[in-house]
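Whatever position you read off the sequence shown (first residue = 1), add 24 for the numbering used here.
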Amino acid sequence: MDVFDIEIGAGLQVRHVTPSLVDAGRRRRGEKTLRDVNQSIRNNSILKFITVCKRFNIDPLHPLSFAMVLALLSKTEDRLQQFERIDCTSHEQAVILDMDVVRNIEHIDSELLYSVMDWVNLLQYMECRVCEDSQAQLSDDVLVSRFVASLRAGGLDEVLHEGMPTILLCMMHTFPSNTPISQMLERFVVNHFAKARDVEVRCLRTATHYMDTVIPDAIQQVSMALVMNTLAPRQVFTTDVQYVLQQEDAIRCMSQLNENPERMCRLSLRKMVETVQNEKTYNSIQSFDNWRSQMQFGVTTSLHLQLLMYFITAQTVEADVSVYQNLYTEKILERVSRRNHTIDNIDHVALSRLIKSVRIYKHCINNLIDFRSQCLQGFNVKTRTGFSLAQIVQLYICCFQHKSVFEYAWKQVVPIMNHTISTACQRFRENNVFDCNAVIRTLIDSNTVLIEQPVLKQK
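Take a look at the structure:
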């Protein structure tokens, strides 16, 4: 047998390594996989979306939160009227917009949600649900018919063959302001139709044909509202928003670190000393964990409701029991009444965690306007005008806390405290009464029961 007749690969076994095994090996070594990188990019886009929602005083977990933000940041001239055209009749959650932010809506548009990537990432979470009744109405609509004709003129037959929901979702990519329509359409086609060719040229033709005819703004608003009312978020969108709300501070810090690593990594002895001084070690008798173990909450009582009861017992003003009695059992209410609504040593970390959970402002707090005008003069103009209604409510709650936790809780919301702020808050406490019932209703509305449930692994 000649040496050249030997088959080299006969005794070798080739092992096929799947991408999942490669990703698992990278995770064990602490490396980021492509899936992790994509999810991190989506989380940053969701973080911007949550920030915009808070600025407008919209709950990011509201079923129509994305449709509301899209209407307020759309290409129409009267965005507030476009917002009012969204059908909210099927949802009981009322929305109170911060009109000061709406008047300066251009700053929100240009500072936060302005890039093509952010809008495309958010729109990937959406789908259009068209019922039989609205199918004919959408087919006869002026703007929708114009967009279908533009798709046909541009040669984007892939979108036309998928049906009305895909056409409407593609059309939704033309709504955000300060975004080029051709690039938005191009990203949509590339993400949904990987085998499409000459995408850039065809999208340019479609955008040119679509923008060639000027449609009056009144007709355009009606058509856009008709399309937006078919918009519905996927379940994974709510899950990812819940996850980002949980990890908001960590994601924001990591994003700032990636943007400016030298500045974030610089050590400051003064900040280290302040951190050591602010970190108080609590005995087991003084901690929130020991308090809730003594209260013997049921397994169905969420951590947010436990923190809420701890907050109620730590206040100097006694709240009306009827505001929260439907959230707890009679035994829990009896144990709280026996303790006379007092806590000897307040766990400032637990209290600050609950205060920072306020996401929206819905209930009228009697003296909130006076607090906003009197106690925020110690900030510069840029910082003061950048506060959302939720942050102002958080600062209002901090103002009426016990003096042992007041400064710590305040700095958790905004890391600025000076003599002007401290004096104004002291004067405000002396002349006003804490609207405890309205604050508790606001904290109940910010209930994080959904967030505390096990979050699904992100894909």
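Ideal placement from N, C-alpha and C gives every residue a C-beta, glycine not left out.
In whole angstroms, what is the alpha-carbon distance linking residue i and residue j?
| i | j | result |
| --- | --- | --- |
| D241 | Q106 | 10 angstroms |
| A91 | H443 | 43 angstroms |
| L137 | A338 | 39 angstroms |
| I239 | V61 | 41 angstroms |
| A433 | I370 | 12 angstroms |
| H216 | T190 | 10 angstroms |
| S64 | Y267 | 12 angstroms |
| H197 | W143 | 8 angstroms |
| Q320 | L329 | 13 angstroms |
| D124 | V323 | 42 angstroms |
| I110 | L162 | 16 angstroms |
| V260 | Y149 | 7 angstroms |
| V479 | L378 | Low per-residue confidence applies at V479: pLDDT is 34, beneath 50, and the placement is therefore not dependable enough to give any value. |
| M248 | L167 | 8 angstroms |
| F403 | Q436 | 15 angstroms |
| E431 | C399 | 14 angstroms |
| V126 | C112 | 19 angstroms |
| V119 | P87 | 12 angstroms |
| V213 | S98 | 21 angstroms |
| E186 | S470 | 40 angstroms |
| I7 | S446 | Because the chain is modelled from 25 through 483, residue 7 falls outside the range shown and cannot be assessed. |
| R23 | V341 | In the structure as shown, the chain starts at 25 and stops at 483, and residue 23 therefore has no counterpart that could be examined. |
| F411 | L375 | 21 angstroms |
| Q271 | V265 | 10 angstroms |
| N307 | Q318 | Because the pLDDT at N307 is just 47, under 50, the model does not fix this residue reliably, and the point stays unresolved. |
| S158 | N350 | 41 angstroms |
| M441 | L413 | 19 angstroms |
| T466 | K219 | 50 angstroms |
| C388 | Q244 | 35 angstroms |
| R229 | D164 | 23 angstroms |
| V373 | D102 | 44 angstroms |
| L184 | T75 | 35 angstroms |
Answer with buried or exposed for residue i, where buried requires no fewer than 16 other C-beta atoms within 10 angstroms of its C-beta.
| i | result |
| --- | --- |
| N145 | buried |
| N67 | buried |
| E20 | Residue coverage of the chain in this structure runs from 25 to 483, which leaves residue 20 outside it and unanswerable. |
| G178 | buried |
| A343 | buried |
| T409 | exposed |
| M333 | buried |
| K406 | exposed |
| M235 | exposed |
| V429 | buried |
| D222 | exposed |
| C194 | buried |
| A95 | buried |
| T237 | exposed |
| S89 | buried |
| P285 | With a pLDDT of 44 at P285, under the threshold of 50, the modelled position of this residue cannot be trusted; read the value that follows with caution. By the 10 Å Cβ count, P285 comes out exposed. |
| D181 | exposed |
| A160 | exposed |
| L71 | buried |
Along the chain, where does the beta strand (DSSP E) containing residue i start, and where does it finish?
| i | result |
| --- | --- |
| A256 | L255 to P257 |
| E151 | M150 to C152 |
Please list the terminal residues of the continuous alpha helix (DSSP H) segment that includes residue i.
| i | result |
| --- | --- |
| M195 | M188 to M196 |
| I421 | L413 to C423 |
| Q64 | One detail in the question is off: residue 64 reads as Ser in this sequence, not Gln. Looking at the DSSP string, the run of the alpha helix (DSSP H) that includes S64 is L58 to F80. |
| V426 | Reading the sequence as shown, one finds His at residue 426 and not Val. No alpha helix (DSSP H) holds H426; DSSP gives it neither H nor E. |
| M252 | D241 to M252 |
| Y234 | V223 to M235 |
| N314 | F312 to M319 |
| K406 | V405 to T409 |
| D122 | Neither: D122 is in no alpha helix (DSSP H) and is coded neither H nor E. |
| N461 | C460 to D469 |
| L392 | L392 to Q398 |
| V561 | Because the chain spans 25 through 483 in this model, residue 561 falls outside it and cannot be assessed. |
| Q161 | E156 to S163 |
| Q106 | R103 to E108 |
| I336 | L327 to T337 |
| S169 | V166 to G178 |
| R451 | H443 to N455 |
| H387 | Element bounds for H387: n/a, residue is neither H nor E. |
| I379 | H372 to I379 |
| L147 | V140 to L147 |
State the beta-bridge partners of residue i as determined by DSSP.
| i | result |
| --- | --- |
| S201 | Paired residues: none, contrary to the question. |
| S98 | P200 |
Is the Cβ of residue i closer than 8 angstroms to any Cβ of chain D?
| i | result |
| --- | --- |
| S470 | Structure shown: chain D not included; a single protein chain is present. |
With contact counted as at least three CB pairs below 8 angstroms, one residue from each stretch, are the segment 450 to 458 and the segment 404 to 424 in contact?
-> yes
Counting Cβ pairs closer than 8 angstroms, one from the segment 74 to 81 and one from the segment 140 to 160, do we hit at least three?
-> no
At least three beta-carbon pairs within less than 8 angstroms, the segment 447 to 456 to the segment 391 to 399 | yes
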